[in-house]
Structures are given as structure tokens and as C-alpha cells.
Amino acid sequence: MKQVKPLLLSLFWIYLTPSIFGNDHLGKLSDNHPAFIEGQLIYLLNNKPTPQCHASTIVETNAGMVASWFGGTHEKNTDVGIWVSRRINNQWGKPFKVADGSEGEEKEYPCWNPVLFKTQSGKLLLFYKVGPSPSKWWGVIRESKDNGESWSDPRKMGTNKKIGHLLGPVKNKPIQLRNGTIYCPSSSEHDGWRVHFETSTDDGKTWNVIGPIHSGKEFASIQPSILSHKDGRLQILCRSKQSKVTQSWSNDQGKTWSPMTASKLPNPNSGTDAITLNDGRQLIVYNHSTRRGAFPSGRNILNVAISNDGVKWESTLILEKAQGEYSYPAVIQAKNSMIHITYTYKRRSIKHVIIDPKKL
Numbered sequence: 003m004k005q006v007k008p009l010l011l012s013l014f015w016i017y018l019t020p021s022i023f024g025n026d027h028l029g030k031l032s033d034n035h036p037a038f039i040e041g042q043l044i045y046l047l048n049n050k051p052t053p054q055c056h057a058s059t060i061v062e063t064n065a066g067m068v069a070s071w072f073g074g075t076h077e078k079n080t081d082v083g084i085w086v087s088r089r090i091n092n093q094w095g096k097p098f099k100v101a102d103g104s105e106g107e108e109k110e111y112p113c114w115n116p117v118l119f120k121t122q123s124g125k126l127l128l129f130y131k132v133g134p135s136p137s138k139w140w141g142v143i144r145e146s147k148d149n150g151e152s153w154s155d156p157r158k159m160g161t162n163k164k165i166g167h168l169l170g171p172v173k174n175k176p177i178q179l180r181n182g183t184i185y186c187p188s189s190s191e192h193d194g195w196r197v198h199f200e201t202s203t204d205d206g207k208t209w210n211v212i213g214p215i216h217s218g219k220e221f222a223s224i225q226p227s228i229l230s231h232k233d234g235r236l237q238i239l240c241r242s243k244q245s246k247v248t249q250s251w252s253n254d255q256g257k258t259w260s261p262m263t264a265s266k267l268p269n270p271n272s273g274t275d276a277i278t279l280n281d282g283r284q285l286i287v288y289n290h291s292t293r294r295g296a297f298p299s300g301r302n303i304l305n306v307a308i309s310n311d312g313v314k315w316e317s318t319l320i321l322e323k324a325q326g327e328y329s330y331p332a333v334i335q336a337k338n339s340m341i342h343i344t345y346t347y348k349r350r351s352i353k354h355v356i357i358d359p360k361k362l
């Protein structure tokens, strides 16, 4: 019976969740919501640099916003590289390719899941993955001294006996603790879906590993986001195969973590991202759906939800609700307190949205 328990649990959530989470009370569509400021594609569909794109990330620099994503013929194709666009004077510039998987390797590999992060020292880091698949990829890191205009040579992050290849933040941005430790939310897929963390106390030169924090059997979870609470606790929210956003909590600044449990938010096995706002509220961008069921299911709907405690969530805003894929969001809060979100738009472009948190 122990061998079939995870499967039974997965089926339970898949078929029960749609009846619990209907499409009522999901908030207003973005164009009709008072918090919505603007939304635009980083590049037009008739002027695509690549046939497909996915997995965007965004960061604020002294010169403006910088976004990155992977793009090429299609996911897993060896021509997939890492692309960057810079938003100067409120306009996104022409995307340019900054990395591919052929640099220093025996053959060409696809690139995956870039993550941009600016450290407390002002260093702009670009993490990304290279390899044939998520179960066999490895982490690469680069630095920029000119707000994303140019980048250093790629550097492999190395290995660790706990997880194999170091990956850096697997999809969502790190946080930096008060003591300066960079804390990367990460996960691996070569031995089940398991969450771990990669930390650095020397501004990204060397890395240690915490975890994996769960077995991956009861909840197959990956791609965590880290939230900070006023009482000092940390919380992660993760993608899972169990039709739920899963969560874990830490009472000691990320040294140890509670068992992985299901949150009250649905998840169609798709990436999410979340942040702690300056006012202490928690915000998540996610697909409020499951993989099966009537429209909108899967990645046909993309939502923003708010919480005061990380437990009770209110879906307040619908970013997209249409046939197609709207997925893999990235979210940050800028110095002027505005919320910036990027996400995959039909795998054909990356969309950028600005939201006023005071009106959520």
C-alpha cells in the first residue's frame, strides 16, 4: 500500500480540486481592475526573435528594468538560448541573445530558466541552466556591471554531493538575508521532484546546499518561491503534481523546514511566483485551475492573489483568461512600490504588466 499512496493522493487532488475551486470570486479581469496600470508585450508577435519563448524573469536596475527568458525553435531544441531585453525610458528594447549551450561544452545543449537577481552589493547576476533535460541540466552563472547591457563569461556553478549539479535559483528569484546570505530557492528532478536551497555567503562565488527538504513521494514539488513574514518565519510556495500549490515553513531563517503540505490554492502542474510586499502582505501569481475540467483549465487563466498571513488567499485579479498558454510568471516590487510581472504569452512572446498594490 505504501507504494500506491502517492498515486492515490494525486488522483484525489486532481478530481476533487475542480469542485472546490470554481471560477467564481476570482477577481476582475486586469483591464477592468483599478490596480492595473499597463500591460504590453516585450516584443510584437509579428517581430519575434525566435519561434517560441518561455520562463521569463525580471529585475530592477539603476538604468531601468531588465527581463530575460529562454527562446528558440521550441523547448529542448539545441538552438534554445537565453535572451535579454532592457526597458529604458519606459520602452522595451530589441531582445538580444546573451547565452547558448555550446560554450565550453562537447556539443550544443538547450538553455533553460534564467533568473535575474541584484545583490545587496549591487552586483547583477544571471543564473540559467544548460543541458538536455531538467533531470540532467546544470547551473551556469554570469555577472553584469552595466545593468544588463553586457555579461561576463559563463561559469558553471559546480556540484554538491547532496543534489549533484548546482542549479542556483531553479525558476524564481533568490532572497538575501540580513546577514548577506544569498538564499536561492531550488529543486531537482533526477530523483523525484524535490525542493532544496543553495546559499552563498560570498556574493555568489561559492555555494552550500540545504536539503532536499522532503522525499518527493507524498508531494512532488519543484520551483519554490520564498516569502518573509513579520514574525521572522520564511514560507515557500511550490508547483506540484498534486493539483495544489504546496508549502513549507521555516522558523530559523531557512536552516530547517516543516513537512511539505498542500495550500488552499490550486495548481495545474505549472510554475508560480510570489513576493512579500513592502506593506507585509503576500502576493502570488499563479494559474487558478487544474489540468482537467471545463475552460478555463490548465494554463488558460493566470491570476494574482493576496494574503495577509500566507494561508488564507483572495484571488483579486485575472491577468489572462483565454484559450492559449499564459504561464511561468515572475514578479517583483520596484523601488516606487509598483508591482512588475512578466509571463509567457502563448509561447510566442513575453508580456509585462504593472500593477499598483495600493489598489489590490
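Start counting the sequence shown at 3; every next residue gets the next number (my numbering).
Where a beta carbon is used, it is the ideal one built from N, C-alpha and C, also for glycine.
Owing to the predicted nature of the structure, the values given are computational and were not obtained by experimental measurement.
Anyone know if the C-beta pair for residue i and residue j falls short of 8 Å?
{"i": "Ser135", "j": "Ile165", "result": "no"}
{"i": "Cys113", "j": "Ile84", "result": "yes"}
{"i": "Ile215", "j": "Trp195", "result": "no"}
{"i": "Thr183", "j": "Thr208", "result": "no"}
{"i": "Lys173", "j": "Val247", "result": "no"}
{"i": "Asn210", "j": "Ser245", "result": "no"}
{"i": "Lys50", "j": "Leu319", "result": "no"}
{"i": "Leu229", "j": "Ser265", "result": "no"}
{"i": "Gln178", "j": "Gln122", "result": "yes"}
{"i": "Ile352", "j": "Met340", "result": "no"}
{"i": "Pro163", "j": "Trp140", "result": "Looking at the sequence itself, residue 163 is Lys, so the reference to Pro does not match. No, these two residues do not count as a Cβ contact at 8 Å."}
{"i": "Thr344", "j": "Cys55", "result": "no"}
{"i": "His231", "j": "Gly106", "result": "no"}
{"i": "Tyr288", "j": "Ala307", "result": "yes"}
{"i": "Ser260", "j": "Ser272", "result": "no"}
{"i": "Ser188", "j": "Gly170", "result": "yes"}
{"i": "Ser252", "j": "Leu236", "result": "yes"}
According to the neighbour-count rule (16 or more other Cβ atoms, all chains shown, within 10 Å of its Cβ), is residue i buried or exposed?
{"i": "Asp148", "result": "exposed"}
{"i": "Arg241", "result": "buried"}
{"i": "Gln325", "result": "exposed"}
{"i": "Asp233", "result": "exposed"}
{"i": "Asp102", "result": "buried"}
{"i": "Asp257", "result": "It should be noted that the sequence gives Lys, not Asp, for residue 257. By the 10 Å Cβ count, Lys257 comes out exposed."}
{"i": "Phe72", "result": "buried"}
{"i": "Thr75", "result": "exposed"}
{"i": "Phe221", "result": "buried"}
{"i": "Leu127", "result": "buried"}
{"i": "Lys360", "result": "exposed"}
{"i": "Leu362", "result": "buried"}
{"i": "Thr19", "result": "With a pLDDT of only 42 at Thr19, under 50, the local geometry of the prediction cannot be trusted, and no value is derived from it."}
{"i": "Arg89", "result": "buried"}
{"i": "Ala336", "result": "exposed"}
{"i": "Lys138", "result": "exposed"}
{"i": "Asn115", "result": "buried"}
{"i": "Arg349", "result": "buried"}
{"i": "Phe23", "result": "Low confidence applies to Phe23: its pLDDT is 41, below 50, so where it sits in the model is not reliable, and the reading given next is rough at best. Buried: at least 16 other Cβ atoms inside 10 Å."}
{"i": "Ala296", "result": "exposed"}
{"i": "Arg301", "result": "buried"}
Going by DSSP, what residue range makes up the beta strand (DSSP E) through residue i?
{"i": "Pro187", "result": "184 to 190"}
{"i": "Asp275", "result": "275 to 278"}
{"i": "Tyr347", "result": "341 to 347"}
{"i": "His290", "result": "Segment: none, His290 is in no beta strand (DSSP E) and carries neither H nor E."}
{"i": "Ile320", "result": "315 to 323"}
{"i": "Asn305", "result": "303 to 309"}
{"i": "Ser111", "result": "The residue asked about is misnamed: residue 111 is Tyr in this sequence, not Ser. No beta strand (DSSP E) contains Tyr111, which DSSP labels as neither H nor E."}
{"i": "Glu145", "result": "140 to 146"}
{"i": "Ile224", "result": "223 to 230"}
{"i": "Gln54", "result": "54 to 63"}
{"i": "Thr75", "result": "Per DSSP, Thr75 belongs to no beta strand (DSSP E) and is neither H nor E."}
{"i": "Ser329", "result": "328 to 335"}
In three-state DSSP terms, what is residue i?
{"i": "Ser70", "result": "strand"}
{"i": "Lys120", "result": "strand"}
{"i": "Asn162", "result": "strand"}
{"i": "Thr261", "result": "It should be noted that the sequence gives Pro, not Thr, for residue 261. It is coil, neither helix nor strand."}
{"i": "Ser154", "result": "coil"}
{"i": "Ser32", "result": "helix"}
{"i": "Lys243", "result": "coil"}
{"i": "Lys360", "result": "helix"}
{"i": "Asn49", "result": "helix"}
{"i": "Asn115", "result": "strand"}
{"i": "Glu105", "result": "coil"}
{"i": "Ser137", "result": "coil"}
{"i": "Gln255", "result": "coil"}
{"i": "Val100", "result": "strand"}
{"i": "Thr208", "result": "coil"}
{"i": "Phe268", "result": "Here residue 268 turns out to be Pro, not Phe, going by the sequence shown. Residue state, collapsed to three classes: strand."}
{"i": "Lys219", "result": "coil"}
{"i": "Ser299", "result": "coil"}
Taking 7 Å as the cut-off, is the C-beta of residue i nearer than that to any heavy atom in the ligand ATP?
{"i": "Gln93", "result": "Looking at this structure, you won't find the ligand ATP or any other ligand, since it has none at all."}
Contact check, residue i vs residue j under 8 Å by CB: the rounded distance?
{"i": "Asp275", "j": "Val333", "result": "5 Å"}
{"i": "Val86", "j": "Pro97", "result": "7 Å"}
{"i": "Glu316", "j": "Leu304", "result": "16 Å between Cβ atoms; not a contact."}
{"i": "His354", "j": "Trp94", "result": "7 Å"}
{"i": "Thr59", "j": "Ser70", "result": "5 Å"}
{"i": "Val197", "j": "Phe119", "result": "So it is not a contact: roughly 18 Å between Cβ atoms."}
{"i": "Phe199", "j": "Gly218", "result": "Rounded, the Cβ-Cβ distance is 15 Å, inconsistent with contact."}
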